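**Student:** My questions will all concern the structure given below.
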Amino acid sequence: MNLQLLRNATLVLSINGKTILIDPMLGKKGSYDPIINTANSIRNPTVDLPINDQALQQLINSTDAVLLTHLHRDHWDETAQQLLPKHIPVYASPIDVNAILQSGFNNVIPVEKEIQVGKVQIIRTDGHHGKGEIETLLGKVCGYVIIYEQQRIYIAGDTIWCDEVAQAIDKYKPNHIILNGGGARFNTGDPIIMDIKDILTVCHYAPIANIYVVHLESVNHITESRADIKAALQANGFEHRAHVPDNGEVFL
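Last residue of the sequence shown? That's 252 in full-length UniProt numbering, and every number before it is there in order.
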């Protein structure tokens, strides 16, 4: 089993002889308008993929399934929807199934609570994409715990630190935790995904897990850099088990 970060929250999970593409944002740098009411107006994605067009097509050809935490463009963009074959299995939260079907995909599998895919168990978890009115506007999101043999990977998704994250850690005791960091936010309100404070909270709460921070330096509403997060992890003594992978890095 291995896990590669492509860019933002797009992950390539190789597990039990299969390749699962998670939250694919595959558009070229600057393909999309910036997220409005944020600190800058840089077009998204703010960086290119770490692979060329040929390698991207090879990845598409080798992908056995897609796993989605929610349908915001930085997790499920138009390019991914154009490149992926419409018959590919797409696993998603039940609330997102109809929208995916309407975009032309015909093999959409809702993860009600959990689902078994061969020898791999996928369990849906809850989270909060911000607080209050902003969370209401952004809609429901989810994460997943993926269990295979002795490995338990918790992909938290676009969530802040909340009771649901703590409950997932308590219940499933993941070996590896993937956090969407960077403190993305609008001009008003609190962060809508984990910031450094939340990341450090997870590090304290899950003292035996390896932690990986992604969703960085790829969309315009991110406010904390890789360097910021690495410095905070080191200052708090977590650098031995908390990592900030680069785009393209196979980190697990």
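The beta-carbon is built from N, C-alpha and C at its ideal position, and this holds for glycine as well.
No experiment lies behind these values; they were computed from the predicted model shown.
Could you tell me if Ile208 is buried or exposed, where buried requires 16 or more neighbouring beta carbons within 10 angstroms of its beta carbon?
**Tutor:** Within the sequence shown, the letter at position 208 stands for residue 208. Answer is exposed; the Cβ neighbour count stays below 16.
**Student:** Which whole runs of the beta strand (DSSP E) in the segment 141-181 are 3 residues long or more, in chain order?
**Tutor:** 142-148, 151-155, 176-180
**Student:** Would you tell me roughly how many angstroms separate the C-alpha atoms of Thr10 and Ile153, rounded to the nearest one?
**Tutor:** In the sequence shown, residue 10 corresponds to position 10, counting from 1. In the sequence shown, residue 153 corresponds to position 153, counting from 1. Between Thr10 and Ile153, the C-alpha separation is close to 15 Å.
**Student:** Excluding sequence positions up to five away, which residues of its chain have a Cβ less than 6 Å from the Cβ of residue 266?
**Tutor:** The structure shown has nothing for residue 266, since the chain only spans 1 to 252.
**Student:** In or out: Glu135 buried (at least 16 other Cβ within 10 Å) or exposed?
**Tutor:** Counting from 1 along the sequence shown, the entry for residue 135 is found at position 135. Glu135 is buried by the Cβ-count criterion.
**Student:** Run through DSSP, which three-state label would Arg7 get?
**Tutor:** Taking the first residue of the sequence shown as position 1, residue 7 is located at position 7. Here Arg7 sits in strand by DSSP.
**Student:** Considering just the uninterrupted stretch of the beta strand (DSSP E) at Lys18, what are its terminal residues?
**Tutor:** Position 18 of the sequence shown holds residue 18. Counting along the chain, the beta strand (DSSP E) containing Lys18 begins and ends at 18-22.
**Student:** What does DSSP give as the partner residues of Ser14 in its beta bridges?
**Tutor:** On the sequence shown, position 14 is the one that residue 14 refers to. Partner(s): Asn2, Thr19.
**Student:** By a C-beta neighbour count over all protein chains shown, 10 Å radius and 16 as the cutoff for buried, is Ala39 buried or exposed?
**Tutor:** Start at 1 with the first residue of the sequence shown, and residue 39 comes out as number 39. Exposed is the call here.
**Student:** If you draw a straight line from the alpha carbon of Val214 to that of Pro245, how long is it in whole angstroms?
**Tutor:** Start at 1 with the first residue of the sequence shown, and residue 214 comes out as number 214. Start at 1 with the first residue of the sequence shown, and residue 245 comes out as number 245. The straight-line gap from Cα to Cα measures roughly 7 Å.
**Student:** Mapping the DSSP letters down to three states, classify Thr201 as helix, strand or coil.
**Tutor:** On the sequence shown, residue 201 is found 201 positions in, with the first residue counted as 1. Thr201 falls in the helix class under three-state DSSP.
**Student:** Can you tell me whether Asp33 is helix, strand or coil according to DSSP?
**Tutor:** Counted from its first residue, the sequence shown places residue 33 at position 33. Looking at Asp33 - three-state DSSP - the assignment turns out to be coil, as it is neither helix nor strand.
**Student:** Between the alpha carbons of Ile193 and Asn180, how many angstroms are there, rounded?
**Tutor:** As a first step, residue 193 is located in the sequence shown; it is residue number 193 there, counting from the start. As a first step, residue 180 is located in the sequence shown; it is residue number 180 there, counting from the start. C-alpha separation (whole angstroms): 6 Å.
**Student:** Would you mind sorting Ile168 into buried or exposed? The rule is 16 or more other CB atoms within 10 Å of its CB.
**Tutor:** Against the sequence shown, residue 168 aligns to sequence position 168. Looking at the sequence shown, residue 168 is not Ile but Ala. With 16 or more other Cβ atoms within 10 Å, it is buried.
**Student:** To the nearest angstrom, how far is the alpha carbon of Leu49 from that of Met25?
**Tutor:** Here residue 49 refers to the residue found at position 49 when the sequence shown is read from its first residue. Here residue 25 refers to the residue found at position 25 when the sequence shown is read from its first residue. Answer to the nearest angstrom: the Cα atoms are 9 Å apart.
**Student:** On the DSSP letters alone, give me the boundaries of the alpha helix (DSSP H) that Arg226 sits inside.
**Tutor:** For the purposes of this step, residue 226 is identified with residue 226 of the sequence shown, where counting begins at 1. Element bounds for Arg226: 226-235.
**Student:** Per DSSP, which one or two residues make a beta bridge with Leu101?
**Tutor:** Locating residue 101 in the sequence shown gives position 101, where the first residue counts as 1. DSSP output for Leu101 lists no bridge partner at all.
**Student:** Taking the Cβ atom as the reference point for each residue, do Gly183 and Glu217 lie within a distance shorter than 8 Å?
**Tutor:** Translated into the one-based positions of the sequence shown, residue 183 becomes position 183. Translated into the one-based positions of the sequence shown, residue 217 becomes position 217. Result no, Cβ atoms of Gly183 and Glu217 do not sit closer than 8 Å.
**Student:** Can you tell me where the beta strand (DSSP E) holding Thr136 begins and where it ends?
**Tutor:** On the sequence shown, residue 136 is found 136 positions in, with the first residue counted as 1. Where Thr136 is concerned, there is no enclosing beta strand (DSSP E), although the alpha helix (DSSP H) it sits in stretches over 132-138.
**Student:** Using the Cα positions of Gly189 and Ile35, report the straight-line distance between them to the nearest angstrom.
**Tutor:** Indexing the sequence shown from 1 puts residue 189 at position 189. Indexing the sequence shown from 1 puts residue 35 at position 35. For Gly189 and Ile35, the distance between alpha carbons rounds to 15 Å.
**Student:** Do the segment 80-88 and the segment 17-33 touch if we need at least three Cβ pairs shorter than 8 Å?
**Tutor:** yes
**Student:** What would DSSP say about Thr63, mapped onto helix, strand or coil?
**Tutor:** Here the question's residue 63 lines up with position 63 in the sequence shown. Coil.
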